[in-house]
Each structure stands twice: as structure tokens, then as C-alpha cells.
Amino acid sequence: MLCLLLLTGCAATRNVQQREASTARVWTPAMRSAEEKNTYRVRLRAAGRDLTGICVTKRVGDEWRGSLVNEFGSKAFDFVTTARRGTLLNVFPMMDRWYIRRTVAADLHFLFEVDNAEATFARRVGRSERGDTIVAVSGRWRMTATPHDSTVTLVNTRRNIVYELRRMAETDDGSDE
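With the working numbering applied, the sequence shown corresponds to residues -16 to 160, in that order.
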């Protein structure tokens, strides 16, 4: 009895927040359209550097195709993701290194295909909800989505890269705000 009392008295307590397992989709219809083009403000943080700009994506058949343009109008890269893989095309020369291409392509593959049941990583994705935030975790990736402000954040925990996408609202004339 004394031993039990000592063990429980010395036990470390943590403030553990319980999350409910979820089947919720990360990309809600308000955050991404499969029929129309999607425009996002992007902030990419890596190695103490920030790349900000605009990402335009569109679903074409079974692929997500997109471009990331920095705030000065220079294209950083184009990308294509399918259920099996992600690929970067037309990469800005400063980023055109095999290890950067491979990492960013894999990150974008997870980012855009996280809700695809046919994706190569689909069975390993754990989902949970905390309030109105949806969390998806798989290996090195941790993704959070907050539908009320149309923001999706992906963190590559192995490389410490953060991708933040915020949906830009379209105006009545078809242009983006």
C-alpha cells in the first residue's frame, strides 16, 4: 500500500489534451473546389527564410496542378500531384537542387492528397478534431486546417518546413481579393 502511494504521488502529470479520432476531411468545399481554380496566399518558412506569394491550383482529371508565384511576380515552381506522387516542374534556379525538389514535392503530395483514399500514405494518416480545427498526422507531416478562416498549415517536422495556405476570396467579377 505504501509503495502504491509513493508511486502515484511521484507520478508525473501532464496537461494532456484529449483529441477525438475523426474521419473529417481536411479540405472542406469552402477551402477547395474540385471544379474551379483555387487561389491561396502562401507563406513557406524554411531555414530562417520566408517565401510569400500566391498559389493557384486546379483539379485536372486525377491530378492537382498548380503554380507558386512569389510576391514580386516571379514563378517559384509549378507542381503536379497524383495519388501516387508529387512532382515539381519549372523550378526557380535558387531552389533547383535535387534534395529541395524531392522534399517539397513530397510535402505538396501530402498537402493536396491528404483526403484521397487512394494516396500512397492514406492508411497511415491519423485524424483528430480539436474544436473547429482538423489535424492530420502521418510520419513527418503534421497538418492543421481551420475552416472558419480557410487556412491550412502543413509542417514537415523532419526538415522544419512550414507551409501556410490561406484561401483568397473571389470577388463578383471573378478576380481574387
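Backbone N, C-alpha and C define an ideal beta-carbon position, used for all residues, glycine too.
Assuming residue i is part of the beta strand (DSSP E), what are its boundary residues?
i	result
F60	58 to 64
G122	Where G122 is concerned, there is no enclosing beta strand (DSSP E), given that its DSSP letter is neither H nor E.
N139	134 to 139
V74	Taken as a continuous stretch (DSSP letters only), V74 belongs to no beta strand (DSSP E), as it is neither H nor E.
E147	144 to 150
G109	109 to 113
Report the rounded CA-to-CA distance for residue i versus residue j, giving the unit in angstroms.
i	j	result
N99	P130	18 Å
T134	A7	16 Å
R123	R15	24 Å
M126	A119	5 Å
R106	E153	34 Å
M77	G56	15 Å
F104	E54	32 Å
R48	R110	25 Å
D132	W10	12 Å
A94	R150	In the sequence as displayed, the identity of residue 94 is Leu instead of Ala. The alpha-carbon atoms of L94 and R150 are separated by roughly 14 Å.
F191	D115	The structure shown has nothing for residue 191, since the chain only spans -16 to 160.
R84	H92	12 Å
Y82	L51	18 Å
A128	T35	19 Å
T136	I117	10 Å
F113	R80	What sits at residue 113 in the sequence shown is Arg, not Phe. For R113 and R80, the distance between alpha carbons rounds to 38 Å.
V138	P12	22 Å
R67	A102	6 Å
N5	S121	The residue you asked about is not Asn; residue 5 is Ser in the sequence shown. Whole-angstrom Cα-Cα distance: 14 Å.
If residue i and residue j are in contact, beta carbons under 8 Å, what's the gap, nearest whole angstrom?
i	j	result
V108	V97	6 Å
V25	L148	6 Å
T65	D90	With 8 Å as the limit, T65 and D90 do not qualify as a contact, their Cβ atoms being about 15 Å apart.
Between which two residues does the alpha helix (DSSP H) holding residue i run?
i	result
E96	81 to 96
Report yes or no: do the region 134 to 148 and the region 27 to 47 share at least 3 C-beta pairs separated by less than 8 Å? Flag = yes, the region 134 to 148 and the region 27 to 47 touch.
Whether or not the region 47 to 61 and the region 69 to 78 are in contact is what I'm after, with contact meaning three or more pairs of Cβ atoms, one per stretch, closer than 8 Å; do they touch? With the cut-off at 8 Å, the region 69 to 78 and the region 47 to 61 touch.
I'd like to know if the region 7 to 27 and the region 35 to 45 are in contact, where contact means that at least 3 CB-CB pairs between them fall below 8 Å. Yes, they touch.
Which ranges does the beta strand (DSSP E) cover as unbroken runs of at least 3 residues, wholly within the region 4 to 56, from first to last along the chain? Fully enclosed beta strand (DSSP E) runs of 3 or longer: 21 to 29, 32 to 43, 46 to 53.
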